[in-house]
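Trainee: Counted from 1, the sequence shown has number 482 at position 482 by the UniProt record's numbering; the numbering is strictly sequential. Glycine included, each C-beta is placed from N, C-alpha and C at the ideal position.
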Amino acid sequence: MRVFLDLMWFFRERKGHYLGGILLLMLVSLLGLIPPQIVGAMVNRIRHHQLTAQEFTHWIFYIAAIALAMYILRYFWRILLFGSAIKLSTELRFQLYRHFTQMSPSFYHKHRIGDLMAHATNDIQAVESTAMDGILTLVDSITTGILVIATMAITISWKLTLIALLPMPIIAITTQLYGKILHRRFTLAQAAFSDINDKVQENISGMRVIKAFGQENSEKQAFADLSKDVIRKNLAVAKIDALFDPTIGIVVTLSYFLSFAAGAWFVLHHQLNLGQLTAFSIYLGQLIWPMLAFGWLFNIVERGHASYDRIRKLLAIKSDIADKPDAINSVPSGSIHYTVHSFTYPESSMPSLQQIYFHLHRGKTLGIVGRTGSGKSTILRLLLREFDVENGDIQIGEQSIYHYTLDALRQAVAYVPQDHFLFSATIAENIAFAAPDKSFAEIQEAAQMAQIHDDIQQFPNGYNTIVGERGVTLSGGQKQRISIARALLMDAEILILDDALSAVDARTEHRILESLRKNRSGKTTLIATHRLSAVEHADLILVLEDGKIAEYGTHASLCSENGIYRAMWDRQQLESLVEEGGIA
Numbered sequence: 001m002r003v004f005l006d007l008m009w010f011f012r013e014r015k016g017h018y019l020g021g022i023l024l025l026m027l028v029s030l031l032g033l034i035p036p037q038i039v040g041a042m043v044n045r046i047r048h049h050q051l052t053a054q055e056f057t058h059w060i061f062y063i064a065a066i067a068l069a070m071y072i073l074r075y076f077w078r079i080l081l082f083g084s085a086i087k088l089s090t091e092l093r094f095q096l097y098r099h100f101t102q103m104s105p106s107f108y109h110k111h112r113i114g115d116l117m118a119h120a121t122n123d124i125q126a127v128e129s130t131a132m133d134g135i136l137t138l139v140d141s142i143t144t145g146i147l148v149i150a151t152m153a154i155t156i157s158w159k160l161t162l163i164a165l166l167p168m169p170i171i172a173i174t175t176q177l178y179g180k181i182l183h184r185r186f187t188l189a190q191a192a193f194s195d196i197n198d199k200v201q202e203n204i205s206g207m208r209v210i211k212a213f214g215q216e217n218s219e220k221q222a223f224a225d226l227s228k229d230v231i232r233k234n235l236a237v238a239k240i241d242a243l244f245d246p247t248i249g250i251v252v253t254l255s256y257f258l259s260f261a262a263g264a265w266f267v268l269h270h271q272l273n274l275g276q277l278t279a280f281s282i283y284l285g286q287l288i289w290p291m292l293a294f295g296w297l298f299n300i301v302e303r304g305h306a307s308y309d310r311i312r313k314l315l316a317i318k319s320d321i322a323d324k325p326d327a328i329n330s331v332p333s334g335s336i337h338y339t340v341h342s343f344t345y346p347e348s349s350m351p352s353l354q355q356i357y358f359h360l361h362r363g364k365t366l367g368i369v370g371r372t373g374s375g376k377s378t379i380l381r382l383l384l385r386e387f388d389v390e391n392g393d394i395q396i397g398e399q400s401i402y403h404y405t406l407d408a409l410r411q412a413v414a415y416v417p418q419d420h421f422l423f424s425a426t427i428a429e430n431i432a433f434a435a436p437d438k439s440f441a442e443i444q445e446a447a448q449m450a451q452i453h454d455d456i457q458q459f460p461n462g463y464n465t466i467v468g469e470r471g472v473t474l475s476g477g478q479k480q481r482i483s484i485a486r487a488l489l490m491d492a493e494i495l496i497l498d499d500a501l502s503a504v505d506a507r508t509e510h511r512i513l514e515s516l517r518k519n520r521s522g523k524t525t526l527i528a529t530h531r532l533s534a535v536e537h538a539d540l541i542l543v544l545e546d547g548k549i550a551e552y553g554t555h556a557s558l559c560s561e562n563g564i565y566r567a568m569w570d571r572q573q574l575e576s577l578v579e580e581g582g583i584a
């Protein structure tokens, strides 16, 4: 029952609704005690041939009135209790979503998407059931049980009541035992659901790769194996579930047998009359629900307990990237001063960057080139504070980026990542994602700068074309240019292009870069790329090798040296000539 204490924060928030619902529920239980007394009285009157038609009509009317009152009260307590439980699930989903948006990339490296989805669906449903059906069964079983037992003992026979209750300890013992086993098995079942959820999400996202390599059968087998594991673990839960009702059925049968045997003896020895025994049997029938509910309660509570523990553990994880208490909430601007002595990713033992020092004046362009894995993207990700540097500092203007709030820092930076993620929305909505208040004319202007406007005009619905999840209806070059347009629409102080021109041809690349030079005068641009033509006009170029700056300078100065950059430039120029047919 600890889960109810864990959820006390919510019960306090909604105490008016819960107290109102519980009071109405108790009133329904109280009204339910009256009809058996009426029936008992009617039986005695009939036995003595004293029941008149008028009395019979009155009593039937009273029973009908009580039934109608119980029906109306049930309607209102369901709204109060069940409505509050739905509010709880909404609040938990919001907490999870807010938590997800606040976490750093390292969090998503450690947690699978399928597992996070399972927390936001199955686990929350189980907790909602606890706050809804759990509260209902707890209050109703206790209230009805106490009231019925007290009425049986006070108005009919306390001896017969004790005899009827003799089998009850069996329920307490068995449900406690079943509950512990159920908690363990349900936790494993939820973990299995997370695994298969993650597999489905991963396979749908990577379906093109699966088909391209002809791995449909192997992936189907892997999915079948996970499905079998889900079935096996849920069957283990079902086996414990299946024990609750038969156990309670045995207790109910024993209780009825003892009650009728003892009751018949009391009637024969004139300690009870037939009307009292009839009323007692009806009350005993009313006790079946509390007994069933008691077993059901343990089932619901243990499921909710296991799920809420999973949710709490997830919410307890703190982001490793957070604002300082006295962080500045103004958008930074100015020169970039980069002083990183070394940086190692959390899951790695080898440093990814070493001795990265440079100063970039405001309004200038920085080019970062190098082989794959040389550290180009890492330099940019540290500037975005996707990870924090412990051995060094990065400044914008006169302040360290760690002195600004994350919101302020990211308002200063427009970022085009290597993975060009587009949402399942219209092209216009994707471009305006970070600047929803921009006009349609400004969206078109950004698209023109990114050299995607003409392509958009070719679509039947133009800017209102739905691109599909992750932009599946667009080519790689089109997705890149829409991502660039989205960043340009922000008109941010700093623009970061992380290999953002790899899928466009040289002519389109030249037009995009020319637009940047014309329209971003006085603003800073950082370009990481494999294609040196993209940084040919940069004010400063860094050449990385194994996480270190091997060379730096302008395009002209680096080409005048016989170093890494000159070799890369000559090779790419030769490749360009071959592609154009200039060399046979």
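In whole angstroms, what separates the C-alpha of residue 491 from that of residue 405?
Mentor: Residue 491 sits at position 491 when you count from the first residue of the sequence shown. Residue 405 sits at position 405 when you count from the first residue of the sequence shown. Their Cα atoms are separated by approximately 19 Å.
Trainee: State the CB to CB distance for the pair residue 130 and residue 301, rounded to an integer number of angstroms; the pair is presumed to be in contact (CB under 8 Å).
Mentor: What you label residue 130 is simply residue 130 of the sequence shown in a count that begins at 1. What you label residue 301 is simply residue 301 of the sequence shown in a count that begins at 1. Correct: roughly 6 Å between the Cβ atoms.
Trainee: Can you give me the Cβ contacts of residue 120 inside the same chain, cut-off strictly under 7 Å, excluding the 5 residues immediately before and after it?
Mentor: The residue labelled residue 120 in the question sits at position 120 within the sequence shown. Result list for residue 120: 93, 96, in chain order.
Trainee: State the Cα-Cα distance for the pair residue 584 and residue 558, rounded to the nearest angstrom.
Mentor: Taking the first residue of the sequence shown as 1, we reach residue 584 at position 584. Taking the first residue of the sequence shown as 1, we reach residue 558 at position 558. Because residue 584 sits at a pLDDT of 45, beneath the cut-off of 50, its placement in the model cannot be relied upon, and the point is left open.
Trainee: Please go through the same chain and pick out, in chain order, the residues whose beta-carbon is closer than 7 Å to the beta-carbon of residue 360, but skip the five residues on each side of it.
Mentor: One-based indexing of the sequence shown puts residue 360 at position 360. These residues qualify, in order along the chain: 335, 336, 366, 524, 540.
Trainee: Which residue comes first and which comes last in the beta strand (DSSP E) that contains residue 451?
Mentor: Locating residue 451 in the sequence shown gives position 451, where the first residue counts as 1. Here residue 451 belongs to no beta strand (DSSP E), and DSSP marks it neither H nor E.
Trainee: Please report how far the alpha carbon of residue 268 lies from the alpha carbon of residue 175, in whole angstroms.
Mentor: For the purposes of this step, residue 268 is identified with residue 268 of the sequence shown, where counting begins at 1. For the purposes of this step, residue 175 is identified with residue 175 of the sequence shown, where counting begins at 1. Roughly 37 Å between the two C-alpha positions.
Trainee: Hey, out of 508, 532, 383, whose CA is closest to residue 494's CA?
Mentor: Here residue 494 refers to the residue found at position 494 when the sequence shown is read from its first residue. The candidate whose alpha carbon is nearest that of residue 494 is 383.
Trainee: Just curious, the alpha helix (DSSP H) that residue 358 is in, first and last residue?
Mentor: Here residue 358 refers to the residue found at position 358 of the sequence shown. Run containing residue 358: none in the alpha helix (DSSP H); it sits in the beta strand (DSSP E), 353-360.
Trainee: So what does DSSP say about residue 335, is it helix, strand or coil?
Mentor: What you label residue 335 is simply residue 335 of the sequence shown in a count that begins at 1. In this structure, residue 335 counts as coil in the three-state DSSP scheme.
Trainee: List the endpoints of the continuous alpha helix (DSSP H) containing residue 528.
Mentor: Counting from one through the sequence shown, the residue named residue 528 turns up at place 528. Looking at the DSSP string, residue 528 is not in any alpha helix (DSSP H); the run it does join, the beta strand (DSSP E), is 524-529.
Trainee: Could you tell me whether the Cβ atoms of residue 489 and residue 442 are closer together than 9 Å?
Mentor: Position 489 of the sequence shown, counted from the first residue, corresponds to residue 489. Position 442 of the sequence shown, counted from the first residue, corresponds to residue 442. Cβ atoms of residue 489 and residue 442: closer than 9 Å.
Trainee: Mind checking residue 109: buried by the 16 CB within 10 Å criterion, or exposed?
Mentor: Walking along the sequence shown from the start, residue 109 turns up at place 109. Exposed, because fewer than 16 other Cβ atoms sit within 10 Å of the Cβ of residue 109.
Trainee: DSSP state of residue 365, grouped into three classes?
Mentor: As a position in the sequence shown, residue 365 is number 365, starting the count at 1. Strand, per DSSP.
Trainee: Please name the residue in 235, 215, 484, 153 whose C-alpha comes closest to that of residue 259.
Mentor: The count along the sequence shown starts at 1 and reaches residue 259 at position 259. Comparing Cα positions, the closest option is 153.
Trainee: Three or more C-beta pairs under 8 Å: does that hold for the stretch 161-180 against the stretch 240-251?
Mentor: At 8 Å Cβ cutoff, the stretches touch.
Trainee: Which value, in whole angstroms, describes the spacing of the CA atoms of residue 23 and residue 15?
Mentor: Position 23 of the sequence shown, counting from 1, holds the residue named residue 23. Position 15 of the sequence shown, counting from 1, holds the residue named residue 15. Approximately 12 Å between the Cα atoms of the pair.
Trainee: Mapping the DSSP letters down to three states, classify residue 550 as helix, strand or coil.
Mentor: Residue numbering aside, residue 550 sits at position 550 when the sequence shown is read from its first letter. Residue 550: strand per DSSP, three-state reduction.
Trainee: Which of the three DSSP states, helix, strand or coil, is assigned to residue 482?
Mentor: By one-based count along the sequence shown, residue 482 stands at place 482. If DSSP states are grouped into helix, strand and coil, residue 482 belongs with the helices.
Trainee: Go to residue 176, then tell me how far its alpha helix (DSSP H) extends in each direction, as first and last residue.
Mentor: To locate residue 176, count along the sequence shown from 1; it is residue 176. Where residue 176 is concerned, the enclosing alpha helix (DSSP H) stretches over 169-205.
Trainee: I'd like to confirm the pairing. Which residues does DSSP put opposite residue 342 in its beta bridges?
Mentor: On the sequence shown, position 342 is the one that residue 342 refers to. According to DSSP, which records beta bridges pairwise, residue 342 is partnered with 354, 391.
Trainee: Jot down the residue ranges of each uninterrupted alpha helix (DSSP H) in the stretch 267-319, minimum 4 residues, whole runs only, in chain order.
Mentor: Counting only runs of 4 or more, we get 274-315.
Trainee: Apart from the five residues on each side of it in sequence, which residues of its chain come closer than 6 Å, Cβ to Cβ, to residue 414?
Mentor: In the sequence shown, the residue the question calls residue 414 occupies position 414. So the list reads 487, 490, 492, 495, once near-sequence residues are dropped.
Trainee: Based on Cα-Cα distance, which residue from 549, 566, 210, 548 lies nearest to residue 556?
Mentor: Here residue 556 refers to the residue found at position 556 of the sequence shown. Nearest option by C-alpha distance: 566.
Trainee: Which whole-angstrom value is the C-beta distance of residue 358 and residue 577, which I expect to be below 8 Å?
Mentor: Position 358 of the sequence shown, counting from 1, holds the residue named residue 358. Position 577 of the sequence shown, counting from 1, holds the residue named residue 577. With 8 Å as the limit, residue 358 and residue 577 do not qualify as a contact, their Cβ atoms being about 32 Å apart.
Trainee: Measure the Cβ-Cβ separation of residue 262 and residue 164 and say whether it is below 9 Å.
Mentor: For this step, residue 262 is matched to residue 262 along the sequence shown. For this step, residue 164 is matched to residue 164 along the sequence shown. Contact: yes.
Trainee: Which of helix, strand or coil does DSSP assign to residue 227?
Mentor: In the sequence shown, the residue the question calls residue 227 occupies position 227. It is helical.
Trainee: Whole angstroms are fine: how far does the CA of residue 377 sit from the CA of residue 393?
Mentor: By one-based count along the sequence shown, residue 393 stands at place 393. By one-based count along the sequence shown, residue 377 stands at place 377. Using only the alpha carbons, I get a separation of about 17 Å.
Trainee: Verify whether the separation of the beta carbon atoms of residue 185 and residue 237 is less than 9 Å.
Mentor: On the sequence shown, residue 185 is found 185 positions in, with the first residue counted as 1. On the sequence shown, residue 237 is found 237 positions in, with the first residue counted as 1. Taking 9 Å as the Cβ cut-off, residue 185 and residue 237 qualify as a contacting pair.
Trainee: What distance in whole Å lies between the Cβ atoms of residue 8 and residue 85, which are believed to be in contact at a cut-off of 8 Å?
Mentor: Position 85 of the sequence shown, counting from 1, holds the residue named residue 85. Position 8 of the sequence shown, counting from 1, holds the residue named residue 8. Incorrect: roughly 15 Å between the Cβ atoms, too far for contact.
Trainee: With distances taken from CA atoms, which of 373, 190, 220 is nearest residue 126?
Mentor: As a first step, residue 126 is located in the sequence shown; it is residue number 126 there, counting from the start. It is 190.
Trainee: Quick one: measure Cβ to Cβ for residue 279 and residue 39, integer angstroms, because I've assumed they're closer than 8 Å.
Mentor: Start at 1 with the first residue of the sequence shown, and residue 279 comes out as number 279. Start at 1 with the first residue of the sequence shown, and residue 39 comes out as number 39. Correct: roughly 6 Å between the Cβ atoms.
Trainee: In chain order, what are the residue ranges of uninterrupted alpha helix (DSSP H) at least 4 long that sit wholly in the stretch 97-152?
Mentor: Fully enclosed alpha helix (DSSP H) runs of 4 or longer: 105-110, 113-118, 124-129, 135-151.
Trainee: So, at 7 Å on beta carbons, what are the nonlocal neighbours of residue 330 in its own chain, with the 5 sequence-adjacent residues on each side left out?
Mentor: What you label residue 330 is simply residue 330 of the sequence shown in a count that begins at 1. Once the five neighbours on either side are set aside, the close Cβ partners of residue 330 are 408.
Trainee: Check the DSSP bridge columns for residue 545 and list the partner residues they point to.
Mentor: By 1-based counting over the sequence shown, the position of residue 545 is 545. Residue 545 is bridged to 548.
Trainee: Given a threshold of 16 other Cβ atoms within 10 Å of its Cβ, counted over all protein chains shown, does residue 343 qualify as buried or as exposed?
Mentor: Counted from its first residue, the sequence shown places residue 343 at position 343. Classification for residue 343: buried.
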